[in-house]
Amino acid sequence: MEKPLFKKWFNNQDLKRKIRQIAGILQNLIALPPKPTTNESMKAHDITERFWLQPSPIHDWLRSHGIEAAPGVLPRYRDGGAGRAYFVGEYVVKFSANQVEANVALMSVKDKTLHTPIIDVLPLNNGIYAILQHYVDMNASKDIKDAADFVTAIVDEYPDMEGFPIDPTEQERLAREALRDNGGDERLIPYMMTVMTALAKLYNATGFKHDDAGPTNVGMHRGSVAFPDLGPNQTSDFDPDEAMTKIAQNRQKLNLPPWEKI
578 MEKPLFKKWF NNQDLKRKIR QIAGILQNLI ALPPKPTTNE SMKAHDITER
628 FWLQPSPIHD WLRSHGIEAA PGVLPRYRDG GAGRAYFVGE YVVKFSANQV
678 EANVALMSVK DKTLHTPIID VLPLNNGIYA ILQHYVDMNA SKDIKDAADF
728 VTAIVDEYPD MEGFPIDPTE QERLAREALR DNGGDERLIP YMMTVMTALA
778 KLYNATGFKH DDAGPTNVGM HRGSVAFPDL GPNQTSDFDP DEAMTKIAQN
828 RQKLNLPPWE KI
C-alpha cells in the first residue's frame, strides 16, 4: 500500500537534513550577542555576568590554569541555546545549566587518551557550570561539516545504536548507506569516517552518545575534529536525570568506572 502523502513528506531523510541545516543557521543567527538597551529585561544568560563583575571563584579557578582575566571586566561573549560562552584570550569559558553537558565535559578530561578541547569544569551555584576549553576553530572544511550532517542522519536512522563503530569496514557501510539514502556524494565517505571515529572515541571514553554533533557543532582543534558543545539534543521530553542514568548504564557496559555526578 502506498504511503499517505504526509508520511512520505515526514520520512523524507533529505528534507530532515535540510531542516537541520536551516535550524543550525537560525541558531547561529539568534546566538549573536544582542545590542544592549537601557530597558532590556534580564535574560537567562545574563545571570552569568555576575561571576565576572562580582567576587566569585571564577578568577582564582582560571588563575590555577595559568589564565588571567581582569576582575570586574566582562569578556567578549556569545549566547547559545543552553548557555553563554566568554572568550578569554585563546580560551573559552562556557557557562551552562545542562548537567549532562558539564558531566560529559569533565568525563572527557579524565580520559587522557581522548583528544578534547575541554580543560576543566567548575560547578557553581544555582545549577550552573563553567566549562573551560581551548578555542575551537569552527571554520572546518565544508567536507567535514557536510560529513557531520550525514553522520547525524545515521543517528536519526538508528536511534537505538549505542555508539558509532570504530571498525572501518562498519563505518564505511554506514556512510555508504546514509549517502545513498540521502543523496550524498561518496567522496564524503572518508570525512564521515573521521567524524564517526571522533564520536566513537568520545562514547568509548565517557558512555555518552553525542546526538547533536551536526555541522554547527563540529570544528578543528590541533588538527583533529572536535565538538565544542557536548550537550545532548534537548527535545521537548528531554530529562537530564534519565540521560545521566543512560550514561551510567553505558559506562557499565563499557567497563568504565562509576561516575560521581557533579
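This note's numbering puts the last residue of the sequence shown at 839; the count rises by one with no breaks.
Backbone N, C-alpha and C fix where the C-beta goes; we use that ideal spot for every residue, glycine too.
Three-state secondary structure assigned by DSSP to residue i
i: Leu857; result: This structure leaves residue 857 out entirely; the chain is present only between 578 and 839.
i: Val670; result: strand
i: Ser801; result: strand
i: Val686; result: helix
i: Val681; result: helix
Alpha-carbon to alpha-carbon, residue j and residue i
i: Pro613; j: Ala662; result: Confidence in Pro613 is poor, its pLDDT being 35 and thus under 50, which makes the residue's placement too unreliable to answer from.
i: Asn759; j: Phe727; result: 8 angstroms
i: Ala621; j: His787; result: Low per-residue confidence applies at Ala621: pLDDT is 37, beneath 50, and the placement is therefore not dependable, though the value from the model is reported in the following sentence. One C-alpha to the other measures close to 25 angstroms.
i: Met715; j: Leu691; result: 19 angstroms
i: Gln631; j: Ile624; result: 11 angstroms
i: Lys722; j: Asp814; result: 28 angstroms
i: His798; j: Thr771; result: 14 angstroms
i: Ala782; j: Gly761; result: 30 angstroms
i: Gly657; j: Asp737; result: 28 angstroms
i: Asp720; j: Tyr780; result: 23 angstroms
i: Ala730; j: Ala724; result: 10 angstroms
i: Asn702; j: Phe741; result: 35 angstroms
Residue i vs residue j beta-carbon contact at 9 angstroms
i: Ala646; j: Leu807; result: no
i: Tyr550; j: Glu678; result: Outside the displayed span of the chain (578 to 839) sits residue 550, for which this structure offers no information.
i: Gln710; j: Val669; result: yes
i: Phe785; j: Pro817; result: no
i: Glu754; j: Tyr712; result: no
Any C-beta of chain C under 9 angstroms from that of residue i
i: Asp637; result: Chain labels in this structure do not include chain C; a single protein chain is all it has.
Beta-carbon separation (whole angstroms), residue i vs residue j, contact threshold 8 angstroms
i: Ile824; j: Thr774; result: Wrong, their Cβ atoms sit about 20 angstroms apart, outside the cutoff.
i: Ala820; j: Phe804; result: Actually they are not in contact, since the Cβ atoms of Ala820 and Phe804 sit about 16 angstroms apart, beyond 8 angstroms.
i: Pro648; j: Val665; result: Contact doesn't hold; Cβ gap of about 12 angstroms is too wide.
Are at least three pairs of beta-carbons, each pair with one atom in the region 748-758 and one in the region 829-838, less than 8 angstroms apart?
Taking 8 angstroms as the limit for Cβ pairs, the verdict is that the region 829-838 does not touch the region 748-758.
Given 8 angstroms, three or more beta-carbon pairs between the region 637-645 and the region 694-709
Contact between the region 637-645 and the region 694-709 is present: 3 or more CB-CB pairs across the two stretches fall below 8 angstroms.
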